[in-house]
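Residue numbers (my numbering): 2 to 583.
Report on the following structure.
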Amino acid sequence: MAEGDPTNADIARALDEVGDLYELDGAVSHRVLAYHTGAQSVRESSASVAQLAREGRATELPGIGATLQEKILALTENGEIPAAVELHKRWPAGVLDVTRLPGIGAKRARLFYTELGIASTDELRAAAENQALRHLKGVGPKMEEAILQALERRTGDDGRERILASRALAIAEEVAAALEAACGKGVRATPAGSVRRRTETVADIDMIATGPDPAAITRAFCELDLVERAESSGELAARVVLHSGTAVDLRVGDEARHGNLLQHFTGSAAHNTALRERAVKEGLHVSEYGIRGDRADRLELFATEAEVYRRLGMDYIEPELRENRGELDAAREGTLPALVSLADLRGDLHTHTTASDGQASIAEMAAAAKALGHEYLAITDHSATHGFGNDVSPEQLERQIELVREANERIEGIELLAGSEVNILPDGKLDYADDLLARLDWVVASIHTAFKASARAMTDRMLAAIGHPLVDAIGHPTGRLIGKRPPYELELGRVFAAAAETGTALEINSSPNRRDLSEIDARAASQAGVRFVIDSDAHREATLANLQWGVATARRAWLGADAILNALPLDALRASRPRARG
DNA sequence: GCCGTTTTCGGCCCGACTGTTTTCAGTCG
Numbered sequence: 002m003a004e005g006d007p008t009n010a011d012i013a014r015a016l017d018e019v020g021d022l023y024e025l026d027g028a029v030s031h032r033v034l035a036y037h038t039g040a041q042s043v044r045e046s047s048a049s050v051a052q053l054a055r056e057g058r059a060t061e062l063p064g065i066g067a068t069l070q071e072k073i074l075a076l077t078e079n080g081e082i083p084a085a086v087e088l089h090k091r092w093p094a095g096v097l098d099v100t101r102l103p104g105i106g107a108k109r110a111r112l113f114y115t116e117l118g119i120a121s122t123d124e125l126r127a128a129a130e131n132q133a134l135r136h137l138k139g140v141g142p143k144m145e146e147a148i149l150q151a152l153e154r155r156t157g158d159d160g161r162e163r164i165l166a167s168r169a170l171a172i173a174e175e176v177a178a179a180l181e182a183a184c185g186k187g188v189r190a191t192p193a194g195s196v197r198r199r200t201e202t203v204a205d206i207d208m209i210a211t212g213p214d215p216a217a218i219t220r221a222f223c224e225l226d227l228v229e230r231a232e233s234s235g236e237l238a239a240r241v242v243l244h245s246g247t248a249v250d251l252r253v254g255d256e257a258r259h260g261n262l263l264q265h266f267t268g269s270a271a272h273n274t275a276l277r278e279r280a281v282k283e284g285l286h287v288s289e290y291g292i293r294g295d296r297a298d299r300l301e302l303f304a305t306e307a308e309v310y311r312r313l314g315m316d317y318i319e320p321e322l323r324e325n326r327g328e329l330d331a332a333r334e335g336t337l338p339a340l341v342s343l344a345d346l347r348g349d350l351h352t353h354t355t356a357s358d359g360q361a362s363i364a365e366m367a368a369a370a371k372a373l374g375h376e377y378l379a380i381t382d383h384s385a386t387h388g389f390g391n392d393v394s395p396e397q398l399e400r401q402i403e404l405v406r407e408a409n410e411r412i413e414g415i416e417l418l419a420g421s422e423v424n425i426l427p428d429g430k431l432d433y434a435d436d437l438l439a440r441l442d443w444v445v446a447s448i449h450t451a452f453k454a455s456a457r458a459m460t461d462r463m464l465a466a467i468g469h470p471l472v473d474a475i476g477h478p479t480g481r482l483i484g485k486r487p488p489y490e491l492e493l494g495r496v497f498a499a500a501a502e503t504g505t506a507l508e509i510n511s512s513p514n515r516r517d518l519s520e521i522d523a524r525a526a527s528q529a530g531v532r533f534v535i536d537s538d539a540h541r542e543a544t545l546a547n548l549q550w551g552v553a554t555a556r557r558a559w560l561g562a563d564a565i566l567n568a569l570p571l572d573a574l575r576a577s578r579p580r581a582r583g
């Protein structure tokens, strides 16, 4: 990626906007869809799509053909897409804002603009207040009211915030438990959708519930104490907004089709669409109600998802893989990976104590890790130049090594490793001397400062650390904070090649707001031959359990236990490190 | 606009809910 190139996120946004503009313009829906699927494909690429387009290789990405590549190239070289410029002459940006209001889509926004000249949400509000919309075909007083409410509720300018998966899962489990309690015996509520697929963030929570009286479940759902208001509710589906502001969609059904319903509502949309298109070619039609043949005879109902997939000629696909990233072919061919699970992990190799910025002692962390079933735990407090007022000087680290060794003597049932999370300085050097590092059992090297350097400089800095024989793993390799801070610039291809060469592990950091490496990057790294550690980066006892989120990212990256070093017994782990390789 | 065991053209999942309608269009997932 050259300096100044648009990022994949920039390109994806631009393609989405062209799609939205074409939709306003009345283009056939499949063309509109092509822009949005192309945008998603760009978002999921591990390589710089600007660079790929320059090399004429962007068409290798699924959903990108010659036309989209040409537009990506124009954006890369000239900063704009000619088609977008042309469309914007007909459709002002304010009209796009109108389409983003809930309940308003392209057709209504177009109607408001062409009939009444409404070109912004402010003008729309005025028209609704003056009851000027109700005279349009297909619009009435209730829609005016709904528009005013939507404008009233809108916070900021990008509507509803996405929330971290960890928070969404907690909310989903709370709602599911409340719904089961409200409905009584025989009703089963199960979180589905992106929460179940363990994506990084979720826009809303999807849930299914099955029981003898589906309509009664929907009614009970809308009346839960957790619910602020129902946005829609019918016999078979409802959408509510919780007091916390999170939206929850529910689909209900009878127990006999629990598998169909769960498969449908777990998604993703891309997975389901691709799965159904394939099924149609074989004369089968798949929906949440069941599977039926071409001649519309009876519906086949399935109580489990495994049966649904089997009926379609596929192995069971774990929810984390259902993103239309090759899992359908693999399920058909019997080549799905055996994914790593939390139970495979034998230890945690990145944790903090009160020696730096953690909140618990060595003994407390050890006890908590032992309770989780860990066989080993590395204590890796921040190093000398951490710079947050809680650095560990070389002398303090020597003392800390002694303390860990003493604790290890004292505490039975878990092996404690004396380690450190060492800073990678801007010049690529580490901030402890090698003879001190050599006394440690485990060394994580991370970047915590000077994020703004060029991709070339940051990559050289990272390669220096990877090349250091005493570095066992690179912590949170891209430095991103989900929704808060983008990754620093890095030539990941070079980083992965180097890590594969030296045997230095790359971390999948399990903190729910890091998940770093991301699933996309981790999958690319794995294909380059990299091996990983999944660490909690816990700063207190409770967050040791965050490992589940690192495991989720690893699973979404198609990783098996064989790619994860801390799935190994301690002796084998030690033997696998660069320093053991000589 | 993309794609190919229908292969360079013709087809591209499936259904719920709302508000507006007297049978359906628009939106959403």
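Quick reminder that beta carbons are idealized off the backbone N, C-alpha and C, glycines included.
As the structure is a computational prediction, the values presented were derived from the model and not from experiment.
Within the stretch 162 to 248, ranges of the beta strand (DSSP E) (whole runs, at least 3 residues): 189 to 192, 206 to 211, 228 to 234, 238 to 243
Inter-stretch contact at 8 Å, needing at least 3 Cβ pairs: the stretch 343 to 352 / the stretch 566 to 582: yes
Collapsed DSSP secondary structure at GLU508 in the structure displayed: strand
Cut-off 8 Å between Cβ atoms - residues of its own chain near GLU116, not counting five sequence neighbours on either side: LEU137
Where the beta strand (DSSP E) containing HIS286 begins and where it ends: 285 to 288
Supposed close pair GLY291, ARG252 - CB separation, criterion 8 Å: No, GLY291 and ARG252 are not in contact; Cβ-Cβ is about 14 Å, not under 8 Å.
Sequence-distant residues of its chain with Cβ nearer than 8 Å to GLU410 (five each side left out): none
Other residues of its chain near ALA177: CB distance less than 7 Å, five sequence neighbours each side excluded: ALA190, THR191, PRO192, MET208
Where LYS485 falls, given that 16 or more other Cβ within 10 Å makes a residue buried: exposed
Nonlocal neighbours in the same chain, by C-beta distance under 6 Å from TRP443, ignoring five residues either side: LEU350, ALA379, LEU418, GLY420, ASP473
Cross-strand partners of ASP382 (DSSP beta bridge): SER421
Opposing strand residues paired with ASP349 [DSSP bridges]: LEU378
In DSSP terms, what VAL250 is bridged to: First, the amino acid is wrong: residue 250 is Asp here, not Val. Answer is ASP207, ARG240.
Close beta carbons around SER47, own chain, < 8 Å, minus the five adjacent residues each side: LEU493, ILE521, ASP522, ARG524, ALA525
With 16 other Cβ atoms within 10 Å as the buried cut-off, status of THR122: buried
DSSP bridge partner residues for LEU482 (one or two, in chain order): ARG486
Contiguous alpha helix (DSSP H) assignments of at least 4 residues, all confined to the stretch 421 to 472: 435 to 438, 456 to 468
Selected residue, minimal CA-CA separation from GLY401, among ARG154, ILE412, HIS383, THR247: Here residue 401 turns out to be Gln, not Gly, going by the sequence shown. When each option's Cα is compared against that of GLN401, the closest is HIS383.
Supposed contact pair LEU337 and ILE318 - C-beta distance, whole angstroms, cut 8 Å: 7 Å
Cα-Cα separation between ALA584 and TYR433, rounded to whole angstroms: No statement about residue 584 is possible, as the shown extent of the chain runs from 2 to 583 and does not include it.
Nearest candidate by alpha-carbon position, reference THR352, set SER30, ARG541, ARG311: ARG541
Touching by the beta-carbon criterion (3+ pairs, under 8 Å), the stretch 505 to 513 and the stretch 320 to 337: no
Spatially closest choice to SER455 from LYS90, LEU574, TYR489, ILE148, by CA coordinates: TYR489
Bounding residues of the alpha helix (DSSP H) (the contiguous stretch that carries PHE303): Neither: PHE303 is in no alpha helix (DSSP H) and is coded neither H nor E.
Residues of its chain near LEU25, where Cβ-Cβ distance is below 6 Å and the 5 sequence neighbours each way are ignored: TRP92, ALA107, ARG111
Whole-angstrom distance between ARG495 and LEU426, CA atom to CA atom: 19 Å
Continuous beta strand (DSSP E) stretch holding ARG293: start and end: 291 to 294
Residue environment, ASN547, which counts as buried when at least 16 other CB atoms sit within 10 Å: buried
Reduced DSSP secondary structure (H/G/I, E/B, other) of ALA474: strand
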